[in-house]
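Our numbering puts the first residue of the sequence shown at 783, with every later residue one more than the last.
For glycine and all other residues, C-beta sits at the position ideal for the given N, C-alpha and C.
Treat the numbers as computed from the prediction; the structure is a model and nothing was measured.
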Amino acid sequence: MLNIALIAHDRKKDEMVNFVTAYEHVFAGHKLYGTGTTGQRIMDNTKLDVHRFMSGPLGGDQQIGALVAQNEMDLIIFLRDPLMAQPHEPDIIALLRLCDVQGIPCATNIATAEILVKALDRGDFAWRELVHKYKPGLE
783 MLNIALIAHD
793 RKKDEMVNFV
803 TAYEHVFAGH
813 KLYGTGTTGQ
823 RIMDNTKLDV
833 HRFMSGPLGG
843 DQQIGALVAQ
853 NEMDLIIFLR
863 DPLMAQPHEP
873 DIIALLRLCD
883 VQGIPCATNI
893 ATAEILVKAL
903 DRGDFAWREL
913 VHKYKPGLE
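Below you can see the structure in the form of structure tokens.
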């Protein structure tokens, strides 16, 4: 079971709901996290349970970023709206930077998200289980 974060900007929320609905059978076997409204909309339209954080502008991106920094997140699907300025852009950039630092796969558009979910369905994320198995404890 992997930890997967689902985040979508306002104009991408419908796209995220449709995407998660199409791959509900894949997501069902994993622990899902999401920012406030995105997580709620996914739960309203599927049978999936999503641990919801605050909305992105209120700190939800940073809450997910904290899990990424601790190498606790395995995959992030963040459908960003590249045509709309975001008031919390520094938080978004920080989250993407943390994904790069920790080597966490992060899709920022639907095409990349589909490739990653198909890989997830094939079992190509087994390497993440090793990350968790051999993760050093905090001392």
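As summarised for the region 825-911, the continuous beta strand (DSSP E) elements at least 3 residues long and confined to that stretch are 832-834, 857-861, given in chain order. Remark: C-beta atoms of Gly811 and Val832 do not approach each other more closely than 8 Å. Under the three-state reduction of DSSP output, Ala804 falls in the helix class. Here Asp796 is exposed: its Cβ has fewer than 16 other Cβ atoms, across all protein chains shown, within 10 Å. Residue state for Gly818 is assigned as helix, using DSSP reduced to three classes.
Counting the other CB atoms within 10 Å of its CB gives His791 a total of 16 or more, which places it among the buried residues. Rounded to whole angstroms, the separation of the alpha carbons of Ile858 and Val899 is 10 Å. With contacts defined as CB atoms closer than 8 Å, Asp843 and Ile886 fail to qualify as a contacting pair.
The beta carbons of Ile789 and Gly841 sit about 13 Å from each other, so the pair does not count as a contact at 8 Å.
A direct Cα-Cα distance of roughly 22 Å separates Gln822 from Glu871.
Its Cα nearest to that of Asp826, the residue Met798 stands out among Met798, Lys813, Asn853.
Between Phe860 and Cys888, the beta carbon gap of about 6 Å places them in contact (Cβ cut-off 8 Å).
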